[in-house]
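Enquirer: So that we are looking at the same thing, I have put the structure below in structure tokens.
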């Protein structure tokens, strides 16, 4: 197995160097998606299944989609230059990185082992059976709350910067429509399953939200206008419900006794509710990031500055 | 042994990505290199020794949070980049 | 009642506000002002609590300290929270007169505020990372809200710098956690992680605090941001990074000497640039670079145990926040009146605007360290600490730097006090804009008088 791991590491390193080398943006983006998928494999090899799911869905999938969308917009505005910026030779950097990694590895391996947070000991009291979910939603819930706030901020930010780029003039063909009918329901079911599964096995709100976002991006790509293109009443509540539920839970528990301490016996319910709200918001916010701007009412033909 | 390989890989990626960010001038390439550097840090954290049995769930939670935050910020940076190009500026 | 409840409320209330403002945009301004009032009450509650009962700490969720996220308040944190609340209220009031209700400023600003307060109450190294990322994201986007290309470029650069800094900081946290198994800042102080952890974390924080020579991103961002945003950025956002740098210097004191060196560089370079540039907001932005130098020097002195240095730094942070807030709010008003900030051309618009002139005057006095302002008291404490520790070079820098500040502040004040009539017509400036600037300036002057109360407060260490 060590040989497999060494091979995997070598390939990933090679892909990383290839991604960072060279001038063409499209090539870098595609290689970066490959990088993300290989990294997901490595997470799986390390036994971190939650991370493997998240890396594949979010790190490679969503980030790849965002990069592609940006690439498309950049191409439309700039003159046909495949070359972007300057790219000095990467070999000195590779050598320096190898040297630094060697030094670092020796230093880290020579550290004395230290204890780790007692997760297993308190797992029973957390309300869920899966350690990672317990850390995210019970022990370190305040971090997760702020993380959801980061996503909300990103969604608001993207709306503030400008409007959605004008969608293509024709709707996608029957092949894409057929694909949609097949794939979207599967993704939704998978997402709900992952959300519920997170309480006892790898899964949870972020992975579920990313799957829903993937479904949403597919719809956004094939429908004209897409769900993100026109203002609609459901958008703002959907964007904020995750943060709202989480903050409400924080305030209620603070008023009752200890902030972010879920009531005994009801922990699992509270956690699942928070996760459900978060998953919805994560999906909608990631879709907004992909759409890349604020929705525009149909009558307007002037792509002016961003409006809410 | 597995862990040591990936620890080395993580450190390598972190430094590689970090240095490349300074050397490149194109916004899109910088966002990619920063993401690779971040992934390197996550990998090093997860591969470092320390957990008694099994994988450290706290480290996993930290990396998961880091991944989501990185996506959010990268997403905004990309939109800013695109908007800037549309306005006629250089990144 | 839980002693840390007001502290947590200070962070949660802006989150609630941001959600409500996003859902009902037409009520933005009223909701924001109500939120600001609430935050001020909460901050005063924290100050009161710390003054009466001393420092406090708790772990959220009721979990043990080794497992959960800790929040803590002590004298220093209480003062930073107070600065955040007061400047935040002024900026909110200013924003109500500056931005329309249906504007993304409100949601972004309230989210930023929540992040800042979350930093000031945190006792957990990773929690600080998440809060810093939220602050960096929202702040960078706030810079771009004017929509002009220059602002957009400055905002993007700021965002990328923020991400680099955060990644460096995260690397430091990762090293510390790997070595010690804990994320609690208190535990890290006791367990002493390897030096690399401190170097990486402090490197990231120095970048975010715009410490020389990592300051390049700040002047464009702060100068090109819309009016109240510049005030928020210079007064508060860089302070969050500074506050964390303080905590981390206590974890890794070896870096203190580096901070002194870089701080001296910042004072000199920032002041020189402030003498050179030709736009009002740029002068004020470079002043921030210089003042962060003082704070860095003071931090190092405090960590090395110089008597009275902690008081000096905390006080300087607070008074700088108030004075810089007043200066930028004033500058924003000048831009509103003149349509530009080319200096001393725009000074003509200060004719018949005594409120603004007074605001600039008092703010400048505090920034230069003239009595009886709060800034004077702060510099005095720092000078005293430096001499007490027999660091004569530092004392000279602090004193000499004061002369340099006076020089570039004179560039601002002289045309302001004796404005030549200009050829340009002046746009009206809503009173709330002028008065929020003056409010902060009056406060910082008043704070020159109420010092003993603050001294007792700062003495309450965590």
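Protein chains in written order, with this note's numbering: chain A, 74 to 381; chain B, 9 to 99; chain C, 434 to 895.
Every residue gets a Cβ at the ideal spot worked out from N, C-alpha and C, and that includes glycine.
Treat the numbers as computed from the prediction; the structure is a model and nothing was measured.
1. Between residue 53(B) and chain A, is there a C-beta pair that is closer than 8 Å?
2. For residue 173(A) and residue 628(C), what's the separation of their Cα atoms in angstroms?
3. To the nearest angstrom, how far is it from the Cα of residue 231(A) to the Cα of residue 659(C)?
4. Let's test the definition: count the other Cβ atoms within 10 Å of the Cβ of residue 749(C) and tell me whether it reaches 16, buried, or not, exposed.
5. Between residue 613(C) and chain A, is the shortest Cβ-Cβ distance under 8 Å, so that the two count as touching?
6. Would you grab the beta carbon distance between residue 187(A) and residue 494(C) for me? Rounded to a whole angstrom, and I think it's under 8 Å.
7. Report the option in 346(A), 146(A), 104(A) whose CA atom is closest to the CA atom of residue 238(A).
8. Exposed or buried, residue 153(A), counting other C-beta atoms within 10 Å across all chains shown (16 or more means buried)?
9. Using the three-state DSSP reduction, which class does residue 740(C) fall into: helix, strand or coil?
10. Using DSSP with H/G/I as helix, E/B as strand and the rest coil, what is residue 34(B)?
11. Label residue 151(A) either buried or exposed according to how many other C-beta atoms from any shown protein chain fall within 10 Å of its C-beta, with 16 as the threshold for buried.
12. Short of 8 Å Cβ to Cβ, which residues in the stretch 308-321 of chain A face chain C?
13. Quick one: what's residue 557(C) bridged to in DSSP?
14. Taking the C-alpha atoms as reference points, what is the distance between residue 782(C) and residue 679(C)?
15. Between residue 807(C) and residue 878(C), is the Cβ-Cβ spacing less than 8 Å?
16. Determine, using beta carbons only, whether residue 736(C) comes closer than 8 Å to chain B.
17. Alpha carbon to alpha carbon, what distance is there between residue 144(A) and residue 684(C)?
18. Output, in chain order, the set of chain A residues within a Cβ distance shorter than 9 Å of residue 449(C).
19. Applying the criterion that 16 or more other CB atoms from any shown protein chain within 10 Å of the CB defines a buried residue, is residue 894(C) buried or exposed?
20. Using the Cβ count rule (16 or more neighbours within 10 Å means buried), how would you classify residue 851(C)?
21. Run through chain B and tell me which residues come within less than 9 Å of residue 574(C), C-beta to C-beta.
22. Could you tell me whether the stretch 681-698 of chain C touches the stretch 807-816 of chain C, where touching means 3 or more Cβ pairs closer than 8 Å?
23. Whole angstroms is fine: what's the gap from residue 220(A)'s alpha carbon to residue 128(A)'s?
24. Counting only runs that start and end within the stretch 110-149 of chain A, where is the alpha helix (DSSP H) found for 4 or more residues in a row?
25. Using beta carbons (cut-off 8 Å, strictly below), is residue 153(A) in contact with chain C?
26. Residue 82(B) and residue 136(A) look like a contact to me (Cβ under 8 Å); what is the Cβ gap, rounded to whole Å?
27. Shorter than 8 Å from the beta carbon of residue 49(B) to some beta carbon of chain A?
28. With a threshold of 8 Å between beta-carbons, can residue 42(B) be considered close to chain A, or not?
29. Return the residues of the stretch 552-579 of chain C that lie within a Cβ-Cβ distance of less than 9 Å from chain B, sorted by chain order.
30. So for residue 97(A), helix, strand or coil by DSSP?
31. Unbroken alpha helix (DSSP H) runs of length 4 or more, entirely within the stretch 758-835 of chain C: which are they?
32. What does DSSP give as the partner residues of residue 505(C) in its beta bridges?
33. When burial is assigned at 16 or more other CB atoms within 10 Å of the CB, is residue 343(A) buried or exposed?
34. Does residue 286(A) come out as helix, strand or coil in the three-state DSSP assignment?
35. Apply the 10 Å Cβ neighbour rule to residue 868(C) and answer buried if 16 or more other Cβ atoms are within range, or exposed otherwise.
36. Under three-state DSSP, which class holds residue 712(C)?
Expert: Taking the structure as given:
1. no
2. 16 Å
3. 18 Å
4. buried
5. yes
6. Actually they are not in contact, since the Cβ atoms of residue 187(A) and residue 494(C) sit about 23 Å apart, beyond 8 Å.
7. 146(A)
8. Below a pLDDT of 50, predicted positions are generally treated as unreliable, and residue 153(A), at 49, falls in that range; the measurement from the model is reported next regardless. Residue 153(A) is exposed by the Cβ-count criterion.
9. coil
10. coil
11. exposed
12. 309, 310, 312, 313, 316, 317, 320
13. 617(C)
14. 41 Å
15. yes
16. no
17. 43 Å
18. 317, 320, 321, 324
19. With a pLDDT of 49 at residue 894(C), under the threshold of 50, the modelled position of that residue is not reliable, and the figure given next carries that caveat. Exposed, because fewer than 16 other Cβ atoms sit within 10 Å of the Cβ of residue 894(C).
20. exposed
21. 84, 88
22. no
23. 16 Å
24. 122-127
25. Caution applies to residue 153(A), whose pLDDT of 49 falls short of 50 and renders its modelled position unreliable; the value that the coordinates give is listed next. Taking Cβ atoms only, chain C never reaches closer than 8 Å to residue 153(A), which makes this a no.
26. 6 Å
27. no
28. no
29. 559, 562, 563, 566, 567, 569, 570, 573, 574, 577
30. strand
31. 787-801, 807-821
32. 490(C)
33. buried
34. helix
35. buried
36. strand
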